[in-house]
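Asker:
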Amino acid sequence: MSDDTAGGDEVGLPEPVRSSLVRTAAEVLGQMEPKDVPAALRQVQRFAPRRRSSAGAQPLWQALQHDDGFRGRVARVWSHARPELADAVAAGLTTVPDPDAPPLEADEGPAPAPAADGVELAVGAWLLRPAGWQQLARAAVADQEPDPDGGARAGSPGGRMLEMMERRAERAELEAARVTAQLGAARLEASSAQEEAAALRREQRKLRSDADRARSEARAARSEAQALRAEARALLDQAAADSAAAAADRRVAEAERAASRGEARLAQDIATARARLLLDTVVDAGTALRHELGLPPVAVRPADTVATQPGAAANRPTSRGRQVQDPALLDDLLALPHAHLVVDGYNVSKAAYPQLSLTDQRRRLLDALSNVAARTGAEVTCCFDGQPGHSGAATGPRNVRALFSVGEIADDLIRRIVRAEPPGRVVVVVTSDQEIATDVQASGAWAVPSQTLLARLARL
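Residues in the sequence shown are numbered consecutively from 0, following numbering that gives the first Met the number 0.
(1) Distance, Cα to Cα, Asp-279 vs Ala-287?
(2) Compare the C-beta of Val-447 against all C-beta atoms of chain B and say whether one is closer than 8 Å.
(3) Starting from the C-beta of Tyr-352, find all residues in its chain whose C-beta is less than 6 Å away, skip the five residues before and the five after it, and write them out in chain order.
(4) Between which two residues does the beta strand (DSSP E) harbouring Glu-378 extend?
(5) Assess, as a yes-or-no matter, whether the region 204-222 is touched by the region 48-66 under the definition of 3 or more beta carbon pairs within less than 8 Å.
(6) Skipping 5 residues on each side, what residues in its chain have a beta carbon closer than 6 Å to that of Ser-19?
(7) Tell me the DSSP secondary structure of Arg-128 in three-state form.
(8) CA-CA distance, Leu-355 and Ala-266?
(9) Helix, strand or coil for Arg-424? Go by DSSP, reduced to three states.
(10) What residue range is occupied by the uninterrupted beta strand (DSSP E) comprising Leu-20?
(11) In chain order, what residues of the same chain have a beta carbon less than 6 Å from the beta carbon of Gly-261, not counting five sequence neighbours either side?
(12) Quick check: what's the CA-CA separation for Ala-139 versus Leu-12?
(13) Which value, in whole angstroms, describes the spacing of the CA atoms of Pro-102 and Asp-86?
(14) Relative to the ligand ADP, is the shortest distance from any of its heavy atoms to the C-beta of Ala-243 smaller than 7 Å?
(15) Determine the direct distance from the alpha carbon of Arg-415 to that of Ala-409, and round the result to whole angstroms.
(16) Can the beta-carbon of His-79 be found closer than 8 Å to that of Ser-190?
(17) From the DSSP output, in three-state form, read off His-337 for me.
(18) Going by C-alpha to C-alpha distance, which of Ala-302, Ser-369, Glu-407, Val-371 sits closest to Asp-384?
(19) Mind reading off the beta-carbon distance from Asp-432 to Asn-370? Whole number of angstroms is fine, and I expect it under 8 Å.
(20) Less than 6 Å between C-beta atoms, sequence neighbours within five positions excluded: which residues of the same chain meet that for Ser-404?
(21) Whole-angstrom Cβ separation of Gln-44 and Gly-68, contact assumed at under 8 Å?
(22) Could you tell me the distance, in whole angstroms, from the CA atom of Arg-51 to the CA atom of Gln-181?
(23) Check for me: the beta strand (DSSP E) holding Arg-400 runs from which residue to which?
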């Protein structure tokens, strides 16, 4: 048992004080939320309001004595309903100053104060429990004890009247306790509402301050956005001006390029006309010379004269450094008039068809060269090293001359063919033998690697 409870038992509360405490607790219990009601009083809260203080008197009294939280709530409700009595109890007074009494003069001395209700003072002292509350409760109770000499005799008309008046007073006290409890609860709710309103006002001030700060930040952001927009607009205008200048420059450049192309085309046309005029002049002169000399048609080609017998070396311009490794350039050379293609047979066939026999290699190569001759119109000669049974010339496809060396190697045969050609004729030698390539270039022929011809044949 706590010290407060022990002190309450030692005071020896009379029945009116205890009944007033129970009535006040019953009214407070009726206004409490179900979640805040102590477990021992939940059944009592379900009672009718008139029965809570009678049927639930014992649980209510036990809760007041042992549940400090419930007693504190009852004390707060009682204090808000009787602020003057609460102030008097806190000051340790057994009387309450009359607020309607006239002020005292300086020479009149202290005015007598009306005696407060001893029961209410004792109730307040028991609930609030200020310093020395036990003595205050005893003094308040002592002031309310009846005079034994002034009591009415039991059974007399005065006694019955007194009993009736006491019952009326008890009912009035119950009603007053109910009203007082409601008033206390209302004042407590008002105090909570005032605190909540103060908190809402503080929150409102905070929100207003936040709103002001947000508006200030928004104004600053708007100003910054406007500055950025102005800068972007200036950059856009500058970009538009630069774009217009670039477009003007491009138009001027296109005009200059068109003029340059026109001039180049005109120069090319003039050069073509000059070349055509020169070519026509040369062709006409050659034709006239052929008619004047009465030259017969060519029946024997220079290569035919060196196929089986050696010939003297001719002194002619060289073509050193003129190797052709581009198949397209090879096509251009073979497209020239009266071009002669000389192929180192086995040098090419062994690079192209190493898995075949020599006979099959020759046949495959000669067939491919026949296609080249048909497409380009060039003279084609393919030289092979001599084989037993060959006497020099061999049968090959149409438009392809196949020669086998006799008493010499094919390299020497190729050299003699190149030397036999007249100066100025386009002679293209296909070989990967650098020694042959060097010699034929010295004689004025074009040297083409074998891989270049194979690349050309692959496109057929």
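For each residue, glycine too, the CB sits at the ideal point set by N, CA and C.
Just so you know, these numbers come straight off a predicted model, no measurement behind them.
Answerer: Straight from the coordinates:
(1) For Asp-279 and Ala-287, the distance between alpha carbons rounds to 12 Å.
(2) The structure shown contains no chain B; it is built from a single protein chain.
(3) The answer, listed in chain order, is Gln-360, Arg-363.
(4) Residue range 378-383 is occupied by the beta strand (DSSP E) that includes Glu-378.
(5) The region 48-66 vs the region 204-222: no contact.
(6) The residues are Val-118, Val-122.
(7) Coil at Arg-128, not helix or strand.
(8) Approximately 54 Å, taken between the alpha carbons.
(9) In this structure, Arg-424 counts as coil in the three-state DSSP scheme.
(10) Taken as a continuous stretch (DSSP letters only), Leu-20 belongs to no beta strand (DSSP E), being part of the alpha helix (DSSP H) at 14-29.
(11) None.
(12) Computed Cα separation, rounded: 11 Å.
(13) For Pro-102, the predicted model reports a pLDDT of 48, less than 50, meaning its position is unreliable and no value from the coordinates is stated.
(14) Summarising the ligand content, the structure contains no ligands, and the ligand ADP is consequently not present.
(15) Going by C-alpha positions, Ala-409 is about 10 Å away from Arg-415.
(16) Contact flag set, yes.
(17) Of the three classes helix, strand and coil, the one that applies to His-337 here is coil, per DSSP.
(18) The option with the nearest alpha carbon to Asp-384 is Glu-407.
(19) Contact check for Asp-432 and Asn-370: beta-carbon distance about 24 Å, past the 8 Å limit, so the pair fails to qualify.
(20) Excluding residues within five positions, the ones whose Cβ falls inside 6 Å are Asp-384, Gly-385, Leu-412.
(21) Not confirmed; about 15 Å, so no contact.
(22) Cα-Cα distance, rounded: 15 Å.
(23) For Arg-400, the enclosing beta strand (DSSP E) covers residues 399-403.
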